[in-house]
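Everything below concerns the one structure shown next.
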Amino acid sequence: KLLVIGAGPGGYVCAIRAGQLGIDTVIVEFGKPGGTCLNVGCIPSKALIHAAEEFEKISHMASGKSPLGISIATPSIDLEATIAWKDGIVSRLNSGVAGLLKKAGVKTVHGWAKFRDGKTVEVQTETGMQVVRAETVVIATGSAPVELPFLPFG
């Protein structure tokens with residue numbers, strides 16, 4: 010049995026592949042699958058950057074500088090609708106990752122994992138404590154940059 014802690018890109022890819030190979034696999038994640046990039050980093054920020062670029066293009070056309078003589082009204086942005094659009098993209102990608110995990114036969118446990126020993130974790134879920142024991146544990150909880158003395162940031 011394999012236990013993967015963390016459903017970011019490292020964790021979910023590991024769990025999916027293990028499931029495809031027929032390994033009894035459990036993945037533990039406190040949030041939505043996909044990790045920082047999918048949920049709050051790369052994907053949402055790029056979606057909002059795209060919306061801003063489209064707004065800028067339309068604003069330029071509204072300034073009356075079109076060589077074709079086409080003019081449009083001054084644009085406005087409905088930030089609520091833009092955020093909802095971005096959230097929809099993230100939600101569809103979350104669902105895609107969850108679907109791949111399910112298709113591979115991976116059991117997902119939503120909660121916080123805490124090691125009891127080297128092969129056992131306690132997972133605090135919304136409904137209580139769940140104990141998961143596995144022969145192999147993969148810790149894929151993400152990372153944070155560390156500045157090295159000989160290689161400073163910036």
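For the sequence shown, our numbering begins at 10 and goes up steadily by one. In this text, a Cβ means the ideal position worked out from N, Cα and C, and glycines have one as well.
Residue i classed as buried or exposed, judged by whether at least 16 other C-beta atoms fall within 10 angstroms
| i | result |
| --- | --- |
| glutamine 11 | In the sequence as presented, glutamine is not what sits at residue 11; that position holds leucine. Leucine 11 is buried by the Cβ-count criterion. |
| cysteine 23 | buried |
| proline 42 | buried |
| valine 130 | buried |
| valine 35 | buried |
| valine 115 | buried |
| leucine 47 | buried |
| leucine 157 | exposed |
| leucine 88 | exposed |
| leucine 77 | exposed |
| glycine 17 | buried |
CA nearest to the CA of residue i, picked from the options
| i | options | result |
| --- | --- | --- |
| valine 118 | Gly43, Ile32, Val37 | Val37 |
| asparagine 103 | Ala56, Thr34, Gly40 | Gly40 |
N- and C-terminal bounds of the beta strand (DSSP E) containing residue i
| i | result |
| --- | --- |
| glutamate 38 | 34-38 |
| alanine 16 | From DSSP, alanine 16 is part of no beta strand (DSSP E); its letter is neither H nor E. |
Euclidean distance between Cα positions of residue i and residue j
| i | j | result |
| --- | --- | --- |
| serine 152 | leucine 160 | 18 Å |
| leucine 30 | tyrosine 21 | 14 Å |
| valine 106 | serine 68 | 36 Å |
| glutamate 65 | threonine 150 | 38 Å |
| alanine 27 | aspartate 33 | 8 Å |
| glycine 127 | serine 54 | 38 Å |
For residue j and residue i, believed in contact at Cβ under 8 Å, the rounded distance
| i | j | result |
| --- | --- | --- |
| isoleucine 98 | isoleucine 14 | With 8 Å as the limit, isoleucine 98 and isoleucine 14 do not qualify as a contact, their Cβ atoms being about 27 Å apart. |
| valine 132 | valine 141 | 6 Å |
| glutamine 139 | glycine 120 | 7 Å |
Element boundaries [alpha helix (DSSP H), containing residue i]
| i | result |
| --- | --- |
| glutamate 62 | 51-71 |
| glutamate 89 | 88-112 |
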